[in-house]
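Below is one structure, written out as structure tokens; comments come after it.
There are 2 protein chains.
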Amino acid sequence: MHLRLVMLGFGNVGRALARLLLRKADVLRDDYGLTFTVTGIATQSRGRAISAAGLDLAAALALVERGESLDALHAGLPVADTLALIDTCPADLFMEATWLNPRTGQPATDYARAALGRGCHLVTANKGPVAHAYRELKALANAHGTGFFFESTVMDGAPVHGIGREALLATTVQRVRGVLNSTTNFILTRLEEGVPFAEAVAQAQAIGVAEADPSTDLEGWDAAVKIVVLANVLMGADLRPADVDRTGISGITIGDAQGALRAGARIKLLCEAARDGDTVRASVRPTALPFSDPLSQVSRTSSAVTFETDTLHELTLIEGDTDPTTTAYGMLVDMINIARGRHRAGQSA
Amino acid sequence: MHLRLVMLGFGNVGRALARLLLRKADVLRDDYGLTFTVTGIATQSRGRAISAAGLDLAAALALVERGESLDALHAGLPVADTLALIDTCPADLFMEATWLNPRTGQPATDYARAALGRGCHLVTANKGPVAHAYRELKALANAHGTGFFFESTVMDGAPVHGIGREALLATTVQRVRGVLNSTTNFILTRLEEGVPFAEAVAQAQAIGVAEADPSTDLEGWDAAVKIVVLANVLMGADLRPADVDRTGISGITIGDAQGALRAGARIKLLCEAARDGDTVRASVRPTALPFSDPLSQVSRTSSAVTFETDTLHELTLIEGDTDPTTTAYGMLVDMINIARGRHRAGQSA
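Sequences listed follow chains A and B, in order. Here our numbering = 1-based position in the first sequence + 122. Here our numbering = 1-based position in the second sequence + 122.
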């Protein structure tokens, strides 16, 4: 089968995906019978390009990496903005990895609605659409019989959602616990080492783990969005990030972190969603986790999640250090799984 | 869809599966459109029964738990043995959880060959057929277009094989490392606590973690069979348990275990399979793992595996404490995934 791909966002993750598509093109064809052309790319600040015949992905990478605009590759009438590109570009599957405001989920949620509304498949690495509009977008995909996959929204390419879709079957997820935010992970580890809070934040910014405005991470918003994604997708909840009982890490001191260590524990920004009667409650809160808890061992940019179900007592998934390629890989896996029909119920043996 | 199930083996795992099937029957019907009858059960020492109309599973459980034979439920001519039952019982899917000789893979491999040879689906919790005859059995299933799934062969119900099938796509698994044997895990932990080796073995036997003849576990055979399953299925190898460079734990002393602890490490019976040029080499060997390695944290009956691939640096799956129900659950998931066609390539979006 052949897929016409449209890439929304061409930042670190989008470009890593482009390189991965080039590197894996032969394997996709030989092992999965899957070929593709990239018919459109939309960026925030480097223009946009459409070509029904297929864009030269290597040329697109070279242009953007030289700081130039993709407009040079565009064939046809000008396209006003990303939404106009979504509406007009020849497409089977959109691969979305754009910038996100985690508190509103925009503009990614509008992009998702437009792509699915056209009857196309959507793969997104963006937490926003799933945290803010999962039920609506899933219903839209179901109505069109298309795939809406989002493996890379939580723990990058680690198969959190793949496990949910393929392995946590006929079971009730009672509780999900996770350490899912790298910035706070990095800073809390530095506090254990005696580095003052402000200096730890500056170090995280220096190596690119924290953003210029780190408040989204430090106040637990990023973690809240992630636990909402897990609660809504795996536990049938209908939460929004603002529903999460959320405490950030700015009150944590060197004394707290080192005191926990001496007591055989490490402070982590723990995300949790748990059933409480008929509802699901979610929280994000700095928590001292004993060394024996696998979640306590997560450090630097790794992350981890533990599922508790009525059939498996505890199942923990840990992802080692990550980079844009690990995120892009989750999108590639989603693309393959849509190509082989994993979005359909499939009820005949 | 409706499946006629035949259960081979009705020991701890088989009976846990029977109870799980009864408990989940409504969910299977409502969420997956899947109904079933159990048309046959074969046991090692409690007889066998066939009923085309469906056996009463609760009655079968009650009989065996009272120490009686299933022959009372059998309708029709006598059936000589398990192979005769496999050949004659009305069946769509065999669920196999029989006793195994890990060094030969028998008799489970013969059962698997017979069930797949009839054109039925096969779910097995048994490492033997996969370690000793994976390529042959997979080819047999492919020739009939049937499913051959075995989630519970390694780490019980934890989705090791589900991840391989659904998430490690278009990637090369470079290395697999695991701590996969509970008996040695238990004994090594006791050595850390200062319990002498022979006493630790006796304690493991007393709580049912070790068998009366513990040599299969202590000499690393169980671990060798498991790493061969992972190497053959996930890395395309064609190894047999005897090919594994295998060292057991009988040479480990209290001094070794406590010395490792003081150095910030724990001795585990580490299973490893790694690419070496065009081949895959596998080993099982007591290894001091630093606390920072997630595999070092595994204790009691939990187990863990780490995958290293060319796209994900490190992905670790840890299963918490297990029991026969967690093993049975992996079989139930396999059954659902076969019912929804996950054994077919499925190439149309």
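By construction, the Cβ of each residue, glycine as well, lies at the ideal position given by its N, Cα and C atoms. Predicted model, so just to flag it, every value in this text is computed and none were measured.
Taken through DSSP and simplified to helix, strand or coil, residue 322/B comes out as helix. Annotation for residue 215/B: no alpha helix (DSSP H) segment contains it, though the beta strand (DSSP E) segment containing it runs 215–218. With respect to the 7 angstroms criterion, residue 149/B and residue 127/B are not classified as neighbours on the basis of their beta carbons.
Taking 7 angstroms as the cut-off between beta carbons, none of the residues of the stretch 374–402 of chain B comes near chain A. Of the candidates 360/B, 304/B, 316/B and 317/B, 304/B places its Cα closest to the Cα of residue 342/B. By the Cβ-count criterion, residue 464/A is buried, with 16 or more other Cβ atoms from all chains shown falling within 10 Å of its own Cβ. In the assembly as shown, residue 315/A is an exposed residue. Its beta-carbon has fewer than 16 other beta-carbons within 10 Å.
In this structure, residue 291/B sits away from residue 250/B, with a CB-CB distance that is not shorter than 7 angstroms. Between the alpha carbons of residue 296/B and residue 338/B lies a distance of about 28 angstroms. Interface criterion not met: the Cβ of residue 296/B is under 7 angstroms from no Cβ in chain A. As summarised for the stretch 242–284 of chain B, the continuous alpha helix (DSSP H) elements at least 4 residues long and confined to that stretch are 249–266, given in chain order. According to DSSP, residue 352/B shares a beta bridge with no other residue. In the structure shown, residue 170/A adopts extended strand secondary structure according to DSSP, grouped into three states. Counting every other CB atom within 10 Å of its CB across the protein chains shown gives residue 188/B a total below 16, marking it as exposed.
Restricted to the stretch 172–235 of chain B, the alpha helix (DSSP H) segments that are unbroken, complete and at least 4 residues in length are 179–187 and 204–210, listed in chain order. With fewer than 16 other Cβ atoms from the protein chains shown falling within 10 Å of its own Cβ, residue 144/B counts as exposed. The beta-carbon of residue 159/A is placed no less than 7 angstroms from the nearest beta-carbon of chain B. A check of alpha carbon separations from residue 421/A across 414/B, 422/B and 427/B identifies 414/B as the nearest. Excluding sequence positions up to five before and after residue 461/A, its CB lies within less than 7 angstroms of the CB of 123, 125, 154 and 156, all in the same chain and listed in chain order. Here DSSP, grouped into helix, strand and coil, assigns residue 429/B to strand. Residue 324/B and residue 138/A have their C-alpha atoms roughly 54 angstroms apart.
Under the three-state reduction of DSSP, residue 460/B is assigned to helix. The residue from 238/B, 260/B, 351/B and 408/B with its alpha-carbon nearest to that of residue 372/B is 408/B. Contact annotation, residue 347/B with residue 361/B: C-beta distance approximately 10 angstroms; criterion of less than 8 angstroms not satisfied.
Close to residue 414/A, with beta-carbon spacing below 9 angstroms, are these residues of chain B in chain order: 419 and 421.
Rounded to the nearest angstrom, the gap between the Cα atoms of residue 172/B and residue 443/B is 35 angstroms. Under DSSP, residue 440/A shares a beta bridge with 426/A and 438/B. Straight-line spacing of the CA atoms in residue 367/A and residue 298/A works out to 15 angstroms.
Taking C-beta separations shorter than 8 angstroms and ignoring five residues to either side along the sequence, the partners of residue 208/A in its chain run 128, 130, 164, 216, 233, 236, 237 and 240, following chain order.
Separation of residue 212/A and residue 257/A (C-alpha to C-alpha, rounded to the nearest whole angstrom) is 26 angstroms. Sequence-distant Cβ neighbours of residue 282/A in its own chain, meaning closer than 8 angstroms and more than five residues away, are 273, 276, 352, 427 and 439. Nearest Cα to residue 204/A within the set 231/A, 369/A and 322/A: 231/A. 393/B is the residue among 393/B, 370/B and 467/B whose C-alpha sits nearest the C-alpha of residue 403/B. Checking the DSSP bridge columns, you'll see residue 157/A partnered with 124/A. Among the CB atoms of chain B, one or more fall inside 7 angstroms of the CB of residue 433/A. Residue 374/A sits away from residue 382/A, with the two beta carbons spaced by 7 angstroms or more.
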